[in-house]
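In UniProt numbering, the protein residues as written are 1 to 147.
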Amino acid sequence: MDTATEFGRLIGPLRRAVLRTRRSDDLPDLPEAQIELLRALSGAGPLTPREVAARLRVAPSTVSNLVRTMTASGLIERTPSSTDLRTVHLAASPRALDLLDRYDRVSTGALQGALDQLTPQSREALDRALPALAELLATLEGEGERA
């Protein structure tokens, strides 16, 4: 089996295994799209919906639907622009920032626990693979821009 096929088969189960760790800390089960939007907002500060769509590489209508749901649940705060009344700025609420912090702590703890159970050689191989994985992600995201 080639690397691309094997890697593709592992990505989904790995992601789901990490997502399941959140349930162990009684965290709400937010869809991954909502978490990605919150991460974009927490890292960049207030953004317009158009800026969020560009960062996440999704359609503006997708952002609009996410924002509507997440505003209603208190995860996103919308602030009208002081210079353009047609524009709003989005920010993660304090509650959302707390949830992200808790998600990260739980996920990191679970990953660290799993890594600690691997052989030193496997841990070292994963450590060495991180730059290549970052490069792979950048390459895949670059292909999306050209499409």
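Even glycine gets a Cβ: it sits at the ideal position worked out from N, Cα and C.
All figures in this text were calculated on a predicted structure; none of them were measured in a lab.
Suppose you measure from the CA of residue i to the CA of residue j; what does that come to, to the nearest Å?
i	j	result
Leu-75	Leu-90	10 Å
Val-88	Ser-82	9 Å
Arg-105	Leu-27	11 Å
Ala-134	Arg-9	18 Å
Asp-116	Glu-124	11 Å
Val-63	Gly-142	21 Å
Thr-139	Leu-130	14 Å
Ala-110	Pro-49	33 Å
Pro-120	Phe-7	21 Å
Leu-126	Arg-16	19 Å
Asp-29	Tyr-103	10 Å
Taking C-beta to C-beta, are residue i and residue j nearer than 8 Å?
i	j	result
Leu-97	Ser-42	yes
Glu-36	Leu-19	no
Thr-3	Ser-107	no
Ala-53	Ala-59	yes
residue 162	Leu-66	Given a span of 1 to 147 for the chain in the structure shown, any question on residue 162 remains unanswerable.
Leu-38	Leu-100	yes
Have a look at the DSSP bridge pairing and note the partners of residue i.
i	result
Arg-78	Leu-90
Leu-47	Leu-90
Between which residues of its own chain and residue i is the CB-CB distance below 8 Å, once the five residues before and five after are set aside?
i	result
Ala-40	Leu-47, Val-52, Arg-55 and Leu-56
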